[in-house]
Structures are given as structure tokens and as C-alpha cells.
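A quick write-up on the structure given underneath.
Chains as they are written, first to last, in this note's numbering: chain A, 299 to 599; chain B, 350 to 641.
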């Protein structure tokens, strides 16, 4: 039975399969790119906060528009994501607030607002609310062709913009002080990075859901760090493994009934991470266990 | 006004059950939260609360039951496994601790969600309930779980108070005077996991996370000593529970969500108007200094 479903998947008999596959790959690639800078900057868990923080935006947009208009929902998500990023910035700048606590506060309070709004939607009997819980764990199969086109255009524009600002961003994540000394406006750049993060999260939540989008921002770049020693290599690995995880996740979710796309994608990414952690040429466990002599000789040098 | 305050208590026993459970969970979370905050480990609460989901699922897979003790044991084992992997991972030179947290808890959570929707589909574990909670419809099971777990956790904190304090403020000093710092650390993780699991069914994962992080952060703006910080943290937690629950009844919305939102509003108030560390006071002080 599974074999038959696998054949169905590769035959692309149904449009929604192709759309789900496209959306998942897009998520993996875009999150892999943006996540590389975030992880190196030490902002890994910002993705978690921003992901959770899109929920109130989605719910509020639903309340205002009154039905599930994808563009409206995603605009709402973007607005609340940006507000959340800004709030973390304001809170964590204070002398008596720890940045990790600021992330936690924004994450839980925004999600709480989202739950309150969702409860309103459920009690007001519009009968259309069923789809909103999809945003929690994602449902790539629900994405239509035109939606996918819009998401893809946004994703490509985002990648191009990051590509254009590659050098200053690379300086920012590795050595902020140096970046500032050569005249780079680091604050503005950081705001830009957080904006890019918000956009990446918003185009991903339909496929992976608000809770697990953080995984696609953190895991592929962390995998990349075991496979390459320089930033372009890390980014290339991160984007390709992210995309591959997306594709395999969509495949698994189609073959095995009941498995949502988001969690499947995340587990594939984790499997890659596990492999890299053990066998990766940069700091993989195997090389440290098996080659104690090599290390000793290097130390002797 | 008074009828509005009193009435819900007469509509059946769900009001006192909800209020009792939420307050107990809130107090335990607020106390543990202070120690996590001081150790800069607030986000570990987020991770452990997410990881409790696969813990519960694993317990069900192994034992086939969802009794309180089994559930707690499963969650503690998986929670400690997660805490251990986070610590091992963050020791690698190319993984920061925040990335380690993000990698571990999302993977565990994804695994839990998949198991829940496939292998253990008929276990009657309600994801929706685990995330959002059901404050106004607390089952006997959840009530008893909270009634046993919370006093135990608070009692342990009281017994090991000095060890916890010393290892939170200055782990090196603590180790030097012979306090088993690592054991205290994992004990704290266990306490957080147990509280999270006990609180889950009653109040939901998101409320547990919020109740661990927000009261402690608020208290840090108001207090300069550990004892007063714990006191403020508890006050914040209780006030947000009462106000939030009444609010939820008044506007007919999710109780867990309302409590979180009230807690966030209280934090914002403290952030702006705290007597010594508030932003408004700070701005006023700089201005008067400039004029002088």
C-alpha cells in the first residue's frame, strides 16, 4: 500500500501533491538561508518567538475579514511578526531584562493573545474556523497553485535581497564591532535581518505550522556547520539540506496517512543533523573518537 | 459588581476547581521560574514543556496506560533525556546553547506530534487540550495530580533552598563548598518537567511556559533580593490567575489565553512603572539629572 502511494506521489497525479512539494521545498530553502545568519548571530530562538507570534495576526485577520482569505491571513501574520520582533528588541535592550526572558515573554504572551482570539472565532459561529488550527502544525496540501506562486515570488525576492546584502550581513554575524568600525549601519542591518526572518516565517507557516517553523530555521544551518568551515559553504549546505528535508517531508506525509507535513519535515532535518553530528568533517564525533593520534600530532605541531 | 464576582462560584463546582488548580500550578511555576531566570535558563522551560508531549506519548507506548504516575515517569525520563542532549550538544564548539535548545525540543516535539497522529491515535490524548488547556473543565485526575505534585515540588524547593540559591547565583562557589551542582541542576529540570506535566491537562502547555517565564521576569524588575523576588513572582502569578479567569468568564474566551494576556499586561506595567527599574522612572531620572 505504501509503495502504491509512493508511486502516486512521483506520478504527480494530483495537483495538490506538486503544490505541497513545492511549498515544502520553498520553506526549506528560504528558512535555511535566513536561519544561517540567525544561528550564527545567536538569535536561534527568535525564530521560535516570531513563529508563535504569528498566531494572533492570523486570528485577528480572520476576525476582521470574516473568512479565510489567504492573503489577508498572511498579512496579519506579517504584521504581528514584525510587532513581536520589535517588542523583543525593546524589552531586551533594558538593563534589567534578559534577552532570553524577553524572547520567552513575547512568545508566550503573543501566543496567549492568539488563543484568546481563536476562542472568539470558535464561539462566534461562522463555521469557517476549522482551517485555522491548520496553522498550528501546517498543512502543505491545502496550498493552492496561485498561492504557491505568490509565496515563491516572495521567497525569491527575499533570497535576492539577502544575496545583495551578503557581505555586510556576514560581517555583522561574525564581528559586529568590526562591521560598525568599517561604517556598516549595524542597527539598520539587524532590523533588516529580523524583517527577513518575519517574512520567511510568514511564507512558511502554511506548510510547517507556527510551532515548528523554528526547527527549519535552526536545524539545517546547525547541520551545515558540521559540513563546511566557511559561511558560503554553511549556507549552501543549509539551503540544500533544508530543501531536501522539505521534499522528503512532503513525501513522507503523503505516503503515511495522518502524518502532518511540518513534523515530518522537521524529523528528516533532524536525521540529517544527527548524521552530520556523527560523521560531519567539521567536528563530527567519529573523527574525534577514531583519530586521537592525528589530533595529538597536530597539537605537537 | 459583587454579583459579577460572586456569581461564577455558584454555577457549579468548576469555578473553585479551576481556580484552585490554576493557582497551585501558578505558584509552583512562579517559584521554579525565579531559579530558572537567575540561571538564564528561562527558555529551557519552553523546551521542557514542549518535550513533555513526547514524554507522555512514550509513557503510553510503553505501558499502555495514562495514569498519573506513569505519565509523570515517562515525561521525566524523556525530559531529562532532552535536558541531557541539550547540554551535550551545547558543549560542541560549533553549536551555541540557544541553537541546541531549538534543535532538541523541536525534534522531540515533532516526534511526539507524529506518534500522536499515527501509532497512538486512539490514546485519547487531545493535542488541543495539551496546548490550550481546559481550565474551566478540570477532571478529577488532573485535580489530584496537581494537588499531589505541587506541594511536593514546593516542599523540595524549601528543603534545598540554600543549595538552589547558591548554585543559581554562583555555581563555582557552590561547587567549591561541596554542593552537588550537577545534581541540583537536573533536580530543577525534573521539577520543571513534573510541574509542566501536572499542569498540562489543567492549564495547557502555553500557560505553563508563560507562568514560568513572565512572573519571574516581572519580579526581577520589582525586587532586589531573592526572597522578595520570589514573593513578587508569586503575587504576579496569583493576580494574573484571578484577573485572567474572571476576564475569561466575562468575555467568554479561553481561560489559559486570558491569564497569559493579563500576565503580559502586568509585565508591561512593571516594565514601565516599576519604582526603581521602570523605564518611566528611568527617563524622569535622566531628565532631572540633565536639568540639575
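Yeah, the Cβ is synthetic: ideal placement off N, Cα and C, and Gly gets one too.
A quick note: this is a predicted structure, and the numbers were derived from the prediction, not measured.
When 7 Å is used as the limit between beta carbons, residue 564 of chain A is near these residues of chain B: 455, 456 and 459, in chain order.
Across the structure, residue 384 of chain B and residue 502 of chain B are spaced so that their CA atoms are roughly 13 Å apart.
Residues of the segment 370 to 384 of chain B that bring their beta carbon within less than 8 Å of a beta carbon in chain A are absent altogether.
For residue 389 of chain A, the enclosing alpha helix (DSSP H) covers residues 368 to 391. Residues 466, 469 and 470 of the same chain have their beta carbon placed closer than 8 Å to that of residue 482 of chain A, with the five preceding and five following residues left out of the count. Under the 8 Å Cβ criterion, the segment 363 to 381 of chain A does not count as touching the segment 571 to 586 of chain B, having fewer than three qualifying pairs. Restricting attention to A:304, A:539, A:510 and A:524, the CA atom closest to the CA of residue 460 of chain B is found in A:510. By alpha-carbon distance to residue 433 of chain B, the top candidate from B:358, B:393, B:388 and B:485 is B:393. Taking 7 Å as the threshold, the shortest C-beta distance from residue 534 of chain B to chain A does not fall below it. Contact annotation for residue 398 of chain A against chain B: 389, 391 and 392 [CB-CB distance below 7 Å, chain order]. Interface annotation, residue 517 of chain B: not in contact with chain A, CB-CB separation never under 7 Å.
In the DSSP assignment, residue 365 of chain B falls within the unbroken alpha helix (DSSP H) covering 363 to 387. For residue 441 of chain B, the secondary structure class from DSSP, reduced to helix, strand or coil, is coil. In this structure the segment 592 to 606 of chain B does not touch the segment 401 to 408 of chain A; the number of beta carbon pairs closer than 8 Å is below three. Boundaries of the alpha helix (DSSP H) around residue 356 of chain A: 342 to 363.
The DSSP assignment places no complete beta strand (DSSP E) segment of no fewer than 3 residues inside the segment 616 to 641 of chain B. CA-CA distance, residue 553 of chain A to residue 544 of chain A, rounds to 14 Å. The straight-line gap separating the alpha-carbon atoms of residue 337 of chain A and residue 480 of chain A is approximately 23 Å. Apart from sequence neighbours up to five positions away, no residue of its chain approaches residue 447 of chain A with a beta-carbon distance below 8 Å.
Along the segment 322 to 345 of chain A, the positions whose C-beta sits under 7 Å from a C-beta of chain B are 337, 340, 342 and 343, read in chain order. For residue 496 of chain B, none of the residues of chain A pass the 9 Å Cβ criterion, the least Cβ distance being about 25 Å.
Comparing C-alpha distances from residue 453 of chain A to each of A:305, A:313 and A:331 shows the shortest one belongs to A:331. In the three-state reduction of the DSSP assignment, residue 601 of chain B falls in the coil class, being assigned neither a helical nor a strand state.
Residue 333 of chain A places its beta carbon 7 Å or farther from that of residue 561 of chain A. In the three-state reduction of the DSSP assignment, residue 317 of chain A falls in the helix class.
Closer than 7 Å to the CB of residue 301 of chain A there is not a single CB belonging to chain B. Contact check for residue 553 of chain B against residue 482 of chain B passes: the beta carbons are separated by less than 7 Å. Scanning its chain for C-beta atoms nearer than 6 Å, with the 5 sequence neighbours on each side dropped, one finds around residue 464 of chain B the residues 406, in chain order. In the DSSP assignment, residue 534 of chain B falls within the alpha helix (DSSP H) that extends over 530 to 552.
Listed by position along chain B, the residues whose Cβ is nearer than 7 Å to that of residue 561 of chain A are 459, 462 and 463. In this structure, B:397 is the residue among B:397, B:373, B:574 and B:627 with its C-alpha nearest to the C-alpha of residue 430 of chain B. Neighbours of residue 523 of chain A in chain B, taken as residues whose beta carbon is under 8 Å from its own, are 443 and 444 in chain order. Here the C-alpha atom of residue 555 of chain A lies approximately 25 Å from the C-alpha atom of residue 517 of chain A. Within the segment 523 to 586 of chain A, the complete alpha helix (DSSP H) segments of 4 residues or longer fall at 529 to 553 and 559 to 577, listed in chain order. Rounded to the nearest angstrom, the gap between the Cα atoms of residue 610 of chain B and residue 585 of chain A is 49 Å. For residue 547 of chain A, the closest of A:558, A:537 and A:363 by C-alpha to C-alpha distance is A:558.
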